[in-house]
Amino acid sequence: MLNRRYKLWATLAVLAAFHGAILFAGFFAPYGYSTQDRALPYAPPSQIHFVDRQGEFHLRPFVYGLKDDPENYGSYVEDDQQAYPLRLVVSGSPYRLAGTFALRTHLFGTDSPGRLFLLGTDGYGRDQFSRLLYGGQISLAAGWIAAGLSILFGGIIGSLAGFYGGWLDDVLMRGGELFLALPWLYLLFAVRAALPLEVAQWQVFLLLIAVIGLIGWARPARLIRGIVLSAKERNFVTAARALGASDAYLLRKHILPQTYGVMLTQMTLLVPQYILAEVTLTFLGLGVSEPMASWGTLLSSLQQYYVLVSYWWMFLPALLLIPVFLSYYAAADALQERVKSVAL
Amino acid sequence: MVPMRGLVPISLLVGFACMFPVQRAQGVQTKEERMVTGSAVGQPGGTITVAVRSDPKTLNPVLAVDESTREIIDCMNADLIHINRETQKTEPALAKSWSISRDGKIFILHLRRGLEFSDGQPFTADDVVFSFQVYLDEKIHSPQRDLLVVGGKPVSVKKIDELTVEFQLTEPYAAAERIFDGLAILPKHILETAYRNGTFSKLWGVSMPPNEFAGLGAFRLKEYVPGQRIVLERNPHYWKADRAGRRLPYIDQLVFLFVPSEDAQVIRFQAGDTDLLSRLSAENFAVLQREQTLRGYKLEDLGPGLEYNFLFFNLNNLTGKKLPEIERKQAWFEDTGFRQAVSAAIDRDGIVRLVYNGRATPLWSQVTPGNKLWVDSSLAAPPQSLDRARELLRTAHFSWNSTGDLLDARGRAVEFSILTSSSNAERSRIATLIQDDLTKLGMKVHVVSLDFSAMVDRLLNSFDYEAAVMGLASGDADPESEMNVWLSSGGTHLWNLTESKPATPWEAEIDRLMNQQQVTLDYKRRKHLYDQVQQIVAQELPLVCLASPHILVGAKNRVGNFHPAILAPYVLANVDELYVH
């Protein structure tokens, strides 16, 4: 019991840490998501040194500047003439913290013109680490919005179908099957092509995410219908009905509370699923546009052969996403167990 | 046999001639007037394998449209006058020489004597006349027909004798010699019946038996395996020879593999499955370069090709189109000062470095330095200058607010979107760099990638766009092939497709210069006219030209006589001279 509770809180703490870093990306990221350094496209992750070329140890870590490798076009070597110490809490490019407060303070950084690229840079010389954090804002928002919409509509439709049964149940559930069979990819292409260009790209993107979320109501609806179906036959529900409770009262007070656990678990399962849907959308050119970052745009550069074989650090964002997804699934797992124990 | 004939007494020969005139004619015919090529003498035998993007759609040279099909068909056929891909000038092919009348309207072509099709049948003026009859037949719908219509009238073709053909134009046409390039001469003896019966279009589909085909090219059909490969074999009757007198081509077989994407072609080349590789992207070039010596191939950067990439604004007349937002923004786009400011703010060197890995050349007009005969090398190449851009905007009555946003004369913020095709990664990246550059001027720019067909629909039909990044590449170096872009009535006059007459004085001037160069036969005077067009383009910027990617190719070390060209078919430009060590 204690172990179970501990597991839930631990996963929630990890998730909170990820979300905090992403929500306050401006503070944690050393650069802006669109800051280009045209002299340094595809620069590898900065090596952080404690010992300099003379063999001297420094307590404060530092990075060297990069210069073009004269022997190998397109790659870089460290220039030991320029060393830049790393510093905590530095003043850098302006940003808005969580979209509200204008600030210039970053958690860490290095002296200009030195550059600190924890995960290297992309083809425009933009810091991949900063883009990973900023990109999380878009991707997580996409996941939460779509998952929320799916659960909301799935919950409403599922409980109506389960509670009233009969022809309404038939119509809604067959409708759900129709939605599952829909080739939604083409629908999304059609939606994108039909929109006028004045609509800002992020609005288009939100619209597409909403479409995906709405299409996804069928699965949660089936689950919730099942729970409602069994809940409405329980003795205390029958008793309440016998005492003259209205349908709305029964749903609100007795039946829906039984579904909350499942909804929560579904939510934690759906969020990473929709984050991946965002990645797919971007892969197909339907995601947010340059220069905005999302996890999809970070991964979409991997479709090119030369990136795959030449720049290993472009894989790092993909690797760093694994713990995020794992914590979501672990949270869903822990929630599931908790819901079960409560129900028992 | 030939030395034997030399020993026959002359009197006897004359006597024979009187008795058997037919035999004499044949005797003359076998004295073949071969073309001798200049490159190094190679070794016969072997196979060369090369990848193309897709299966050929047809093997009928009159109907071929797409690039893969043309690439294969061109190896199986020959033209009368050929454009040397190296010098970009015309040179004799099936016609050994030609003369032009003083008014530039009549061309007399003298054909090589004693040539044979790949099935051994003789080639004569009748085949030429028949071929042009087919190309010009409107019922056949040949894509090449347009080339043969000069000044609204089709070229007329007349046989003078067995080896002489006369072509007549209704008006002088500067690029007349070049229209013969790529026009395959067809075997009348095989195709005539089908042509008379009206079944020509069904002829020579991809699944035809190899023995039904005959051409004058270096190779003939051997085998076609759908979805996998097409195998061509050496044409034993080919009409070119090397300096040592050996009949070309050297290789026994030329195999085309169907590999649909560039990345897949790179991997096949890296694995050693193909011998030649063309149209590499700069990044894949860098990937291959690292293993160059290890794997036994060489890569070449041939410098800029003819492709030019550019940014342009929607200057179409939008009345009645219900696009008020775009119409409002056209007030900026139509301002030359605005376009010049945009051009000045663009970091072309950054595009070359970041998008093309350094393997491109920055451009300020539509003609690339790869077009040796026509580029105006005196054109100014100003580097990026934000100060100059701001100066130009100030002169054009733009201003900035306290947060640095650019405002027009009416105080409205300058904000627009740039359209690119999501299938072209390079142009999307160009757009992203431009966006960043223009942000520094206080403009708010959005990059919108659409799939190619959706983009083309907006550019050509609905005009529902503000600006776009595109590229064009003409097949030939001659300014004639650019007519449809620069004439105000042209079908590729992208920035303003709806003009009934030139919308601006400088477009009228371009029209005049382009029409003038078309009928000017003297190269120097023509060049002067086209230089002026380039100067107007660089000044008025209907297309803000950005960069021309280099043509990057590769070949295995075992391929000899590898002389690739910046013009299509690149590595196959001298396919008849290639040999295998």
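If you're matching them up, the sequences are chains X and B in order.
Numbering of the first sequence is given in the working numbering, commencing with residue 1 and proceeding in unit increments.
Numbering of the second sequence is given in the working numbering, commencing with residue 1001 and proceeding in unit increments.
Every residue gets a Cβ at the ideal spot worked out from N, C-alpha and C, and that includes glycine.
Beta-carbon within less than 6 Å of residue i's beta-carbon, same chain only, minus the 5 sequence neighbours each way: which residues are those?
i         : result
Pro1567/B : Strictly speaking, residue 1567/B in this sequence is Leu, with Pro absent from that position. The residues are Arg1085.
Ala1344/B : Ser1385, Arg1388, Ala1389
Gly162/X  : Arg225, Val228, Leu229
Asp1335/B : Ala1396
Mind pulling the chain X residues with CB within less than 7 Å of residue i?
i         : result
Thr1403/B : Simply none; closest approach about 12 Å.
Val1447/B : Ser289, Glu290
Gly1350/B : Arg38
Val1266/B : Tyr305
Gly964/B  : Outside the shown range of chain B, which is 1001 to 1581, sits residue 964/B, and nothing can be said about it.
Where do the ends of the beta strand (DSSP E) carrying residue i lie?
i         : result
Leu1221/B : 1219–1225
Trp1098/B : 1095–1100
Ser1301/B : Checking the sequence, you will find Asp at residue 1301/B rather than Ser. First-last of the beta strand (DSSP E) with Asp1301/B: 1297–1304.
Ile1106/B : 1106–1111
Phe378/X  : Outside the displayed range of chain X (1 to 344) lies residue 378/X, so it cannot be described from this structure.
Phe960/B  : There is simply no residue 960/B to check, as chain B begins at 1001 and stops at 1581 in what is shown.
Ala1360/B : 1360–1362
Ile1083/B : 1081–1083
Between which residues of its own chain and residue i is the CB-CB distance below 7 Å, once the five residues before and five after are set aside?
i         : result
Ser1201/B : Leu1063, Ile1140
Val1022/B : Caution is warranted here: a pLDDT of 40 is assigned to Val1022/B, below 50, making its placement in the model unreliable, and the coordinate value is therefore given only provisionally. Cβ within range, chain order: n/a, list empty.
Asp1127/B : Ile1185, Leu1186, Pro1187, Lys1188
Pro1226/B : Asp1055
Val1129/B : Val1157, Lys1159, Val1165
Leu1203/B : Asn1060, Leu1191, Ala1194
Leu132/X  : Leu119, Leu298, Pro317, Leu320
Mind pulling the chain B residues with CB within less than 8 Å of residue i?
i        : result
Val279/X : None at all; the shortest Cβ gap to chain B is about 15 Å.
Val309/X : Val1287
Pro196/X : Asp1464
Using DSSP's beta-bridge definition, name the partner residues of residue i.
i         : result
Met1470/B : Phe1310/B
Cys1545/B : Phe1310/B
Ser91/X   : Thr105/X
Phe57/X   : Val51/X
Gln1253/B : Thr1047/B, Glu1233/B
Starting from residue i, find everything on chain X with Cβ-Cβ shorter than 9 Å and list it in chain order.
i         : result
Val1134/B : What Val1134/B touches in chain X: nothing, since even the nearest Cβ is about 40 Å away.
Ala1175/B : Near Ala1175/B there are no residues of chain X at all, since even the closest Cβ is about 39 Å away, more than 9 Å.
Arg1412/B : Here the premise fails: no neighbours, minimum Cβ distance about 14 Å.
Could you name the residues of the same chain whose beta carbon sits closer than 8 Å to that of residue i, not counting the 5 residues immediately before and after it, in chain order?
i         : result
Phe315/X  : Leu302
Gln1026/B : Any reading at Gln1026/B needs caution, since the residue's pLDDT is 42, under 50, leaving its predicted position unreliable; the model's value is listed next. Once the five neighbours on either side are set aside, Gln1026/B has no close Cβ partner at all.
Ala1573/B : Arg1085, Glu1086, His1563, Pro1564, Ala1565, Leu1567
Lys1527/B : Leu1373, Trp1374
Asp79/X   : Tyr64, Gly65, Leu66, Lys67
Taking residue i as part of the alpha helix (DSSP H), name the residues at either end of that continuous run.
i         : result
Ile156/X  : 128–164
Ala102/X  : It is not in any alpha helix (DSSP H) - Ala102/X instead sits in the beta strand (DSSP E) that spans 101–110.
His1189/B : 1188–1197
Ile1326/B : 1324–1333
Thr1069/B : 1067–1074
Thr1058/B : Careful: Thr1058/B lies outside any alpha helix (DSSP H) and carries neither H nor E.
Gln1534/B : 1523–1540
Arg1348/B : 1348–1355
Leu185/X  : 184–194
Asp1127/B : 1125–1136
Gln36/X   : From DSSP, Gln36/X is part of no alpha helix (DSSP H); its letter is neither H nor E.
Asp1263/B : 1262–1270
Gln1289/B : 1282–1289
Who are the neighbours of residue i on chain B, taking C-beta pairs under 7 Å?
i        : result
Thr158/X : The sequence as given places Gly at residue 158/X; Thr does not occur at that position. Within chain B, no residue comes near Gly158/X; the closest Cβ sits about 36 Å away, beyond 7 Å.
Pro358/X : In the structure as shown, chain X begins at 1 and stops at 344. Residue 358/X is therefore absent and cannot be evaluated.
Gln201/X : His1446, Val1448
Gly285/X : Ser1422, Ser1449, Asp1451
Gly65/X  : Those do not exist, as Gly65/X stays about 18 Å from chain B at its closest Cβ, beyond 7 Å.
Tyr164/X : Simply none; closest approach about 44 Å.
Which bits of chain X does residue i rub up against, with CB to CB less than 8 Å?
i         : result
Leu1354/B : Arg38, Pro41, Gly123, Tyr124, Gly125
Ala1425/B : Gln304
Gln1435/B : Glu290, Pro291
### Query
In the stretch 1438–1513 of chain B, which residue ranges form an unbroken alpha helix (DSSP H) of at least 4 residues, counting only runs that do not cross its ends?
Runs found: 1452–1457, 1483–1486.
### Unbroken stretches of the alpha helix (DSSP H), 4 residues or longer, contained in the stretch 273–316 of chain X
The DSSP assignment places complete alpha helix (DSSP H) segments of no fewer than 4 residues inside the stretch 273–316 of chain X at 295–300, 305–310, in order along the chain.
### Query
Fully enclosed by the stretch 198–284 of chain X, which alpha helix (DSSP H) runs are 4 residues long or longer?
Counting whole runs of 4 or more residues, the stretch 198–284 of chain X contains the alpha helix (DSSP H) stretches 201–215, 218–231, 235–242, 247–250, 256–283.
### Task
Quick one: which unbroken alpha helix (DSSP H) runs of 4-plus residues sit fully inside the stretch 1358–1426 of chain B? Chain order, please.
Fully enclosed alpha helix (DSSP H) runs of no fewer than 4 residues occupy 1386–1395 of the stretch 1358–1426 of chain B, in order along the chain.
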